[in-house]
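> Take a look at this one; I'll ask things after.
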Amino acid sequence: MSTKIVLKFFRSNRIYRPSEPVEGKIVINSPSSISHHGIRLSVTGSVSLQVRGGSAGVIESFYGVVKPITIVNKSIEVKPPGKIGSGTTELPFTMVLKQTGDKSLGRFYETFHGTDVSIQYLFTVDIARGYLYKSLFATTEVIVESDKADVLERSVSPEMAIFYITQDTQRHPLLPEIKSGGFRVTGRISTLCSLLDPISGELTVETSAVPISSIDIHLLRVESVLVGEKIVTETSLIQTTQIADGDVCRNLTLPIYVILPRLLTCPSVFAGPFSIEFKVSIVISFQSELSKLHKKI
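Residues 23 to 319 in the working numbering are what the sequence shown spells out, letter by letter.
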């Protein structure tokens, strides 16, 4: 039986703000007593940038991984050198990511798991055991969100964008039966919202000569990474929300309500080496037999 180490946080969701204390305990299960040279707990927060291809060229793919950006890197001593007895040992800990007035640290970006950009905060406990033994360690990720003061300072005012979709607004080719018959879809959708709030709006199918099969809202993320002197941008689909199934009644107002997936979204970021943006796409599918090969607009 080997020694097991587990990091347990007092918050089950492991969601913290930079100015809040992160509290928990280190649980060590060992079949026998072990000597150590000290037990330390560290936290590292970084922005990992990587070009995975797609819109990247030969030169960008050659560089591949861009140097990560360090947000925070600090550690504390939980227990001085000594011995841990056999059985279960619990060591409480408290750590604050960013002390009030600490100007040595940069901006704390919110946790985000993207394709080319990843923002992570990792807590690691390390038990040093000298040259003859391997160190024992365990790592757990915590979710970091903006401080309440920052959220209140950047209060979100409702902004709605009015849109209309017709056969004349489409840039890709349309089948003759769709183009000649005509259609018109109008509505409005929010373009500025908090992560805690849904993307809201409404949509109305005013006319459509071809029966509608489905109306969906695609949530897209747009990640840009600065590689050398070129900006590489990658757009990927992260969520699809259906707001209508089947041929909807004409001139009936349909509500738009899209809940944002937390780990796959974050506040829009415009930093020097990278940026993260989000956009939505309204996709209309038709029931026409002829449009099965190309039925979306």
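In this text, a Cβ means the ideal position worked out from N, Cα and C, and glycines have one as well.
1. Are Phe300 and Leu71 close, meaning C-beta to C-beta below 8 Å?
2. Pick out the complete beta strand (DSSP E) segments inside the segment 101-147, 3 residues or longer, and give them in chain order.
3. Can you name, in chain order, every residue of its own chain whose Cβ lies under 6 Å from the Cβ of Ser45, other than the five neighbours on each side?
4. Excluding the 5 residues preceding and the 5 following Thr257 in the sequence, name in chain order all residues of the same chain whose CB lies nearer than 6 Å to its CB.
5. Between Ser307 and Ile237, what straight-line distance do the alpha-carbon atoms span, to the nearest angstrom?
6. Would you please state the rounded distance, in angstroms, between the beta carbons of Ile278 and Glu224? I believe it to be under 8 Å.
7. Suppose contacts are defined by Cβ-Cβ distances below 8 Å. Is Ile260 in contact with Pro289 by that definition?
8. Nearest-angstrom Cα distance between Thr146 and Leu63?
9. Look at Lys105 and Ser55 and say whether their C-beta atoms are less than 8 Å apart.
10. Measuring alpha carbon to alpha carbon, tell me which residue in Thr255, Thr262, Pro233, His58 is nearest Gly204.
11. Applying the criterion that 16 or more other CB atoms from any shown protein chain within 10 Å of the CB defines a buried residue, is Lys89 buried or exposed?
12. Under 8 Å, do Val305 and Ile298 count as touching if we go by C-beta distance?
13. Counting only beta-carbon atoms, is Pro103 nearer than 8 Å to chain B?
14. Can you confirm whether the segment 151-164 touches the segment 264-278 when touching is taken to mean that 3 or more C-beta pairs between the two stretches lie within less than 8 Å?
15. Candidates Gly60, Ser24, His59: which alpha carbon is nearest Thr110's?
16. Is the distance from the Cβ of Ile48 to the Cβ of Val94 below 8 Å?
17. Find out if the Cβ-Cβ distance for the pair Ala183, Ile211 is shorter than 8 Å.
18. Can you grab the Cα-Cα spacing for the pair Pro220 / Phe130, in whole Å?
19. Using the three-state DSSP reduction, which class does Gly203 fall into: helix, strand or coil?
20. Just tell me which of Gly136, Gln192, Pro103, Thr226 has its CA closest to the CA of Thr255.
In short, the structure shows the following:
1. no
2. Every beta strand (DSSP E) stretch that sits fully inside the segment 101-147 and reaches 3 residues is listed by chain position as 104-106, 109-118.
3. Per the sequence shown, residue 45 should be read as Glu rather than Ser. If the five residues before and after Glu45 are omitted, its C-beta is found closer than 6 Å to the C-beta atoms of Phe32, Thr116, all from its own chain and listed in chain order.
4. Leu242, Val244
5. If I take the Cα positions, the gap works out to 6 Å.
6. 6 Å
7. no
8. Those two C-alpha atoms are separated by around 6 Å.
9. yes
10. Pro233
11. exposed
12. no
13. Among the chains of the structure shown, chain B does not appear; only one protein chain is present.
14. Under the three-pair Cβ rule at 8 Å, the segment 264-278 does not count as touching the segment 151-164.
15. Checking every option, the nearest Cα to that of Thr110 belongs to Ser24.
16. no
17. yes
18. Going by the C-alpha atoms only, they are around 24 Å apart.
19. Assigned with DSSP and collapsed to three states, Gly203 falls in helix.
20. Gly136
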